[in-house]
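In this note's numbering, the protein residues as written are 26 to 213. Heads up, the beta-carbon is just placed ideally off N, CA and C, and yes, glycines get one too.
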Amino acid sequence: MAQAAALTWRRRFPRRALWRLGWYLFAAATVAAGTVLLFGAEPRRLPDGAPNPLALAPPVAITLLAAGLLPLTAALLRRPRLRADHYALQVRPGSLRTLLLPWSAVAELAATAGPGDEPVLLVRRLPGAAGDIPRWCDQAVLRTLNAGVRGRYQLALRVDDFTGEPDQRLRELAAWAPQRIRLTGFPG
């Protein structure tokens, strides 16, 4: 049976990102309305002619709240991604970077239960190997796991962010992994 040139996990509808964006918009609108109600009637100048710093509170608050939308919008537009081919594993665990991890740099793939028993794919790299090195901004999912897991792995990806049954997704990925890579907690 012929195998496709690459495995790409299809992304699920971004429920989590929309939920966070909705709550942020609600909280931001509440804070902005409160700021405008409290400081909106402040005069630009004090009676002695000096500028009134309280008059700047509404525009500064609204600007900061709008800037807070940027990471949430980025998470909505640049969702997690996983692609595997015969050369490498491409992973975008968050909204910032897509990491290229050659199979020669991967020591272990593990499947475990994360917060709320959601399935999580973990990646452990070989020390000093080629390829992208996961940084702090790539490890948001990993930081939600317990300390024992965080110490052994460098990257985590929520399997529930992709369509299909988690066990089936993990079996598909295991078929692409070279024989020397240790698979821990994978189904079947």
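Would you call the CB atoms of residue i and residue j closer than 8 Å?
i	j	result
residue 182	residue 116	yes
residue 118	residue 105	yes
residue 198	residue 109	yes
residue 124	residue 157	yes
residue 61	residue 90	no
residue 114	residue 126	yes
residue 184	residue 194	yes
residue 129	residue 103	no
residue 5	residue 180	Past the boundaries of the shown model lies residue 5; the chain is included only from 26 to 213, so the question cannot be answered.
residue 64	residue 75	no
residue 122	residue 149	no
residue 170	residue 145	yes
Excluding the 5 residues preceding and the 5 following residue i in the sequence, name in chain order all residues of the same chain whose CB lies nearer than 8 Å to its CB.
i	result
residue 48	none
residue 77	67, 68, 69, 70 and 71
residue 27	With a pLDDT of 47 at residue 27, under the threshold of 50, the modelled position of this residue cannot be trusted; read the value that follows with caution. Nothing meets the Cβ criterion.
residue 143	183, 184 and 185
residue 45	97 and 100
Hey, quick one: how far does the alpha helix (DSSP H) through residue i stretch, first residue to last?
i	result
residue 137	Not the alpha helix (DSSP H): residue 137 falls in the beta strand (DSSP E), residues 131–138.
residue 60	40–64
Output the boundary residues of the beta strand (DSSP E) element that contains residue i.
i	result
residue 179	That residue, residue 179, is in no beta strand (DSSP E); it is neither H nor E in DSSP.
residue 204	Where residue 204 is concerned, there is no enclosing beta strand (DSSP E), given that its DSSP letter is neither H nor E.
residue 109	106–109
residue 113	113–117
residue 127	124–127
Can you list, in chain order, the residues of its chain with a C-beta nearer than 6 Å to that of residue i? Leave out the 5 residues immediately preceding and following it.
i	result
residue 53	90
residue 135	147, 209 and 210
Here's a check: name, in chain order, each residue in its chain whose Cβ is nearer than 7 Å to the Cβ of residue i, leaving out the five neighbours to either side.
i	result
residue 133	149, 206, 207 and 209
residue 14	Residue coverage of the chain in this structure runs from 26 to 213, which leaves residue 14 outside it and unanswerable.
residue 86	56, 57 and 60
Stretch pair the stretch 86–95 + the stretch 131–142: three plus CB contacts closer than 8 Å: Here the stretch 86–95 makes no contact with the stretch 131–142; the two share fewer than three CB pairs at distances below 8 Å.
Is there contact between the stretch 164–172 and the stretch 198–211, where contact requires at least three CB pairs shorter than 8 Å? In short, these stretches do not touch, since the Cβ pair count stays below three.
Contact the stretch 172–189 vs the stretch 35–44: 3+ CB pairs below 8 Å: The stretch 172–189, when compared against the stretch 35–44, does touch it at the 8 Å Cβ threshold.
Going along the chain, which unbroken runs of the alpha helix (DSSP H) with 4 or more residues stay wholly within the stretch 77–103? The stretch 77–103 is shown to contain whole alpha helix (DSSP H) runs of 4 or more residues at 82–102, in chain order.
Inside the stretch 142–174 only - alpha helix (DSSP H) runs reaching at least 4 residues: Listed in chain order, they are 165–168.
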